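Q: Numbering (full-length UniProt numbering), first residue to last: 1 to 128. Backbone N, C-alpha and C define an ideal beta-carbon position, used for all residues, glycine too. Quick caveat, the model's predicted, so the values are computed rather than measured.
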């Protein structure tokens, strides 16, 4: 199981986001709350002996909700879920083993006037 699939599986275990987790873009007509994730392929790590079979992946999760209290609660739940990745296999038994998790910035919050929805963006990195 690839990192992105495992990430989606883990995020969908949050009851409010069940069936509401999408790669990159959210399906039109989807009602909030929902989350969209994106990640890069990752960068292989190198030691003095050469490249090793480990890499670091940069990713971002955008959470959207109808109210400010909802976005605050979902941000906390998602961050707690990401923290739980530390030193365990995510997704299912075929998912990747996450060696380390780092938040690269504080979550950014905002309000989208066009849709009247609140957004929280969480950038992070994982080391496989």
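Within 10 angstroms of its Cβ, does residue 10 collect 16 or more other Cβ (buried), or is it exposed?
A: Mapped onto the chain shown, residue 10 falls at position 10. Its Cβ being crowded by 16 or more others within 10 Å, residue 10 is buried.
Q: Starting from the Cα of residue 33, find the closest Cα among 67, 124, 60, 107 and give me that residue.
A: For this step, residue 33 is matched to residue 33 along the chain shown. Closest option to residue 33, Cα to Cα, is 67.
Q: Kindly indicate which three-state DSSP category residue 122 falls into: helix, strand or coil?
A: Here the question's residue 122 lines up with position 122 in the chain shown. Correct three-state label for residue 122: strand.
Q: Specify whether the segment 33-51 and the segment 94-102 touch according to this definition: at least 3 beta carbon pairs, one from each stretch, less than 8 Å apart.
A: Verdict: no, contact absent.
Q: Give a yes or no on contact between the segment 119-127 and the segment 50-67, applying the rule of three or more CB pairs nearer than 8 Å.
A: Touching, yes.
Q: Bridge partners of residue 60, per DSSP?
A: Start at 1 with the first residue of the chain shown, and residue 60 comes out as number 60. Partner(s): 38, 123.
Q: Roughly how many whole angstroms lie between the Cα atoms of residue 52 and residue 113?
A: Locating residue 52 in the chain shown gives position 52, counting from the first residue. Locating residue 113 in the chain shown gives position 113, counting from the first residue. Each residue's alpha carbon lies about 46 Å from the other.
Q: Look at the Cβ atom of residue 14, then the Cβ atom of residue 81, and state whether they are nearer than 8 Å.
A: Position 14 of the chain shown, counting from 1, holds the residue named residue 14. Position 81 of the chain shown, counting from 1, holds the residue named residue 81. In this structure, residue 81 lies closer than 8 Å to residue 14 by Cβ.
Q: Run the CB neighbour count on residue 3, radius 10 Å, all protein chains shown included, and call it buried at 16 or more, exposed below.
A: As a working mapping, residue 3 is identified with position 3 in the chain shown. Residue 3 comes out buried.
Q: Excluding the 5 residues flanking residue 25 on each side, which residues of the same chain have their C-beta closer than 8 Å to its C-beta?
A: Here the question's residue 25 lines up with position 25 in the chain shown. These residues qualify, in order along the chain: 36.
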